[in-house]
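First residue of the sequence shown: 19, per this note's numbering; consecutive thereafter. Every residue gets a Cβ at the ideal spot worked out from N, C-alpha and C, and that includes glycine. Because the structure is a prediction, the values reported are computed rather than measured. Inspection log for the structure reproduced underneath, given as structure tokens.
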Amino acid sequence: MKSFKYIILIFVSIVTLLPLGAEEFEDKRVVESRITFQKTSHQNPWLVGEPFSRKLNLIYVGKGLFFGVTLPKQNPVFAEFESFDYSVPKLGIKSYDEETGFILLETNGISKFPNPVVLDLKSSNKHCPTGKSRYVFLPFSKTPIKVFLLDKKNSEEAEFFFKNQVLCGVTIADFLIPAEYVETFYRTNGKPFPHPGLVFDVNLTPSEREYYSKNINNPLLVTEVIPGVGPAYNLFPGDLITEINSTPLTKIDDWDRADKVYDFILRKPNGSLRELGETVNLKLHRNFQNQSVSYDLRAYDSNDFLIPEEAKKRKPLYLIVGGFFFTELTNAYLKEFGTEYRVKSEKKLVYLSDYYQKKVHPVREKIVILSRVFPLEGNLGYQEFQDLVLEKVNGTRVTSLSQLKNLLQSEEATYYAFELSGGKIAFFSRKEILDLQQELQSTYKLGRSYNLED
């Protein structure tokens, strides 16, 4: 009888120590998981990149959804709970914000969930630490986030911070991202946070202040308007903003002026976060005249840039024709040359990236480049062409990969003349192009020769 009790005791102990399985959760606030990302290459976009995984702490926020903070600017595929059990169901990606790394995961394969973390802003405001706050930019992010500054530096990895059973937010290094950002992300089903749409300068020298301000008391100098995000063509560098959402800027102290400006744009009068689509009203002074500008808040997105930073939420675009690999120039393409990409990559492309990246233009244009040429029997004279800007095809200026594809599909053309930077020209007949496409597929076994926007 004693032996039987001992066996039962061992069995119960083993069950208690087992890691999280598919059937039920250990009742705790933070659940350990691993998230898998898919690598993508801008210089080899037709290849399926090797997946990689990272540890990810999650909290259950209700309705079958888990919240976490992971790597930004990546391509998450799925997550799964830490377990030795292969029956653990995968968590699907409900929403992912590339700017902050905030992520909502969902699953239908679990019968029992942990207790949800209560996202009660009143309780967090009452129990959680406050103190000095500041708008900061998280790693790789362009969107300002208001955080509390912690006295002690914590891990560089995102961790949840609780006090008196209340979620206070997420700590990263010496920042505490308040729980209001978590609550807003969950309540809006994972919508990204708005960007102010403009860049401004608050640290003017006395001579700059004298030059720009004239007779205007303490204005805000606009230094940049983000195309596709801010009020391009309605607001310009050099404009002097005097009022934001009916609040004059004359009484703002210099020492926290930047944070107050972000507050006026990104927060409502009661201090709560504004959401995407809400209207910002500006009064400004331009060319000795007072003007008004209104625009709707949007998330930061480089897709409307002449040279985007990355291929947002999709695989990089490309088109391979005649063994010529064409793609649209992005900063991500250049950075794949390594940390010394400014030295190792084509100088003209670096120049274009530096000076024309955020160029504002009335139509959505891109810079198409010939990355390299696949070695084929039919293009022997062109295989040294690399990292050249495609300027024209048959005399028509090229402004996107989709337009290039349409030009190549024209039934009227019997030949194709590709004019490239540096005065280089490649010439093919229509039959040569078709023969090269067949040779390309038989030689390199590519799954597909293009990836273009619909």
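May I ask which residues mark the beginning and end of the alpha helix (DSSP H) holding residue i?
| i | result |
| --- | --- |
| histidine 145 | 139–145 |
| phenylalanine 344 | Here phenylalanine 344 belongs to no alpha helix (DSSP H); instead the beta strand (DSSP E) covers 342–346. |
| valine 136 | Careful: valine 136 lies outside any alpha helix (DSSP H) and carries neither H nor E. |
| tyrosine 369 | 365–374 |
| leucine 352 | 349–353 |
| valine 361 | 359–362 |
DSSP beta-bridge partners for residue i?
| i | result |
| --- | --- |
| arginine 316 | His213 |
| glutamate 177 | Thr189 |
| proline 69 | Gln56 |
| proline 196 | Gly187 |
| phenylalanine 445 | Ala435 |
| phenylalanine 120 | Val87 |
Please state the DSSP three-state secondary structure of residue i.
| i | result |
| --- | --- |
| leucine 458 | helix |
| serine 59 | coil |
| proline 283 | Here residue 283 turns out to be isoleucine, not proline, going by the sequence shown. It is helical. |
| proline 266 | strand |
| isoleucine 26 | In this prediction, isoleucine 26 has a pLDDT of 39, which is less than 50 and means its spatial position is unreliable; what the coordinates show is noted afterwards. Isoleucine 26 falls in the helix class under three-state DSSP. |
| proline 157 | coil |
| threonine 297 | strand |
| isoleucine 451 | helix |
| alanine 250 | strand |
| leucine 324 | coil |
| glutamate 471 | coil |
| serine 51 | strand |
| threonine 202 | helix |
Compare the beta carbon distance of residue i and residue j with 8 Å and say whether it is the shorter of the two.
| i | j | result |
| --- | --- | --- |
| phenylalanine 203 | phenylalanine 120 | yes |
| leucine 406 | lysine 442 | yes |
| glutamate 68 | lysine 57 | yes |
| threonine 118 | leucine 83 | no |
| threonine 417 | lysine 384 | yes |
| aspartate 257 | arginine 304 | yes |
| isoleucine 77 | valine 135 | yes |
Can you tell me where the beta strand (DSSP E) with residue i in it begins and where it stops?
| i | result |
| --- | --- |
| leucine 408 | 406–411 |
| serine 420 | Serine 420 -> not in any beta strand (DSSP E); alpha helix (DSSP H) instead, spanning 419–426. |
| valine 339 | 336–339 |
| serine 113 | 110–114 |
| serine 290 | Here serine 290 belongs to no beta strand (DSSP E), and DSSP marks it neither H nor E. |
| lysine 164 | 162–167 |
| asparagine 390 | The question names asparagine, but residue 390 in the sequence shown is arginine. Looking at the DSSP string, the run of the beta strand (DSSP E) that includes arginine 390 is 386–391. |
| tyrosine 400 | Run containing tyrosine 400: none; DSSP gives neither H nor E here. |
| valine 106 | Per DSSP, valine 106 belongs to no beta strand (DSSP E) and is neither H nor E. |
| threonine 241 | 238–243 |
Using 8 Å for Cβ pairs, my map puts residue i next to residue j. What's the rounded Cβ distance?
| i | j | result |
| --- | --- | --- |
| threonine 348 | proline 326 | 5 Å |
| isoleucine 63 | asparagine 469 | Reading off the sequence, residue 63 comes out as proline, not isoleucine. At roughly 6 Å, the Cβ-Cβ gap stays under 8 Å, so proline 63 and asparagine 469 are in contact. |
| lysine 91 | glutamate 328 | 7 Å |
| leucine 438 | leucine 408 | 6 Å |
| leucine 139 | arginine 152 | Rounded, the Cβ-Cβ distance is 20 Å, inconsistent with contact. |
| valine 311 | leucine 300 | 5 Å |
| histidine 213 | arginine 316 | 7 Å |
| leucine 216 | leucine 253 | 6 Å |
| leucine 137 | glutamate 124 | About 17 Å; that fails the 8 Å criterion. |
| isoleucine 163 | alanine 176 | No, isoleucine 163 and alanine 176 are not in contact; Cβ-Cβ is about 12 Å, not under 8 Å. |
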